[in-house]
Amino acid sequence: AEGPQEGGGGGGRGRGRARFGAGAEEREEEEEGRARHLWGILQGVARVEAAGYAALAELGATPVREVLTCGGGAANAKWARMRQRLLGVPVAAAADGEAAYGAALLARGLDAPPPAAAAPSAVEA
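Take 1 as the starting number for the sequence shown in UniProt numbering and just add one per residue.
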């Protein structure tokens, strides 16, 4: 089976265009549009984050001095730089990048001692 290809037959008709669908130039424009759209979404998220930290500071919370980030976005250097610029503080990847780790720390309480190792169960013995 033959899929969409550049060029196509037909005595030169459709040269530079895919047989079915958009040509290379149109696909590039669509990809660039999607990238700009995503970039705008990320900027919006960073602005909301900055507004959230500002609101917390206005309510008496200690102003943020550094943001440690985790999860999939932590590996994106451009996203970290954007957030750093909009937040006005350093943004760095956390030592443990698993988002669940931070949630577990919050659930446990940051000043609580780490959980004790579980004793072997009777099933294991």
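For each residue, glycine too, the CB sits at the ideal point set by N, CA and C.
message: Looking at the strands, I want to know which residues DSSP matches up with residue 69.
response: Taking the first residue of the sequence shown as position 1, residue 69 is located at position 69. Answer is 93, bridged to residue 69.
query: With a Cβ-Cβ cutoff of 8 Å, do residue 82 and residue 42 count as a contact?
result: The residue labelled residue 82 in the question sits at position 82 within the sequence shown. The residue labelled residue 42 in the question sits at position 42 within the sequence shown. It is a contact, given that the beta carbons lie within the stated cut-off.
task: Leaving out five residues on either side along the sequence, give the residues of the same chain with a beta carbon under 6 Å from the beta carbon of residue 2.
output: Taking the sequence shown and counting its residues from 1, one reaches residue 2 at position 2. Annotation note: pLDDT 44 at residue 2 (below 50); position unreliable, no value reported.
- request: With a 10 Å radius around its C-beta and 16 neighbouring C-beta atoms as the bar for buried, classify residue 48 as buried or exposed.
  value: Here the question's residue 48 lines up with position 48 in the sequence shown. The C-beta of residue 48 has fewer than 16 other C-beta atoms within 10 Å across all chains shown, which makes the residue exposed.
- prompt: Just checking, does the stretch 60-71 make contact with the stretch 89-107 on the three C-beta pairs under 8 Å criterion?
  reply: yes
Alpha helix (DSSP H) segment containing residue 86, residue limits: Counted from its first residue, the sequence shown places residue 86 at position 86. First-last of the alpha helix (DSSP H) with residue 86: 77-87.
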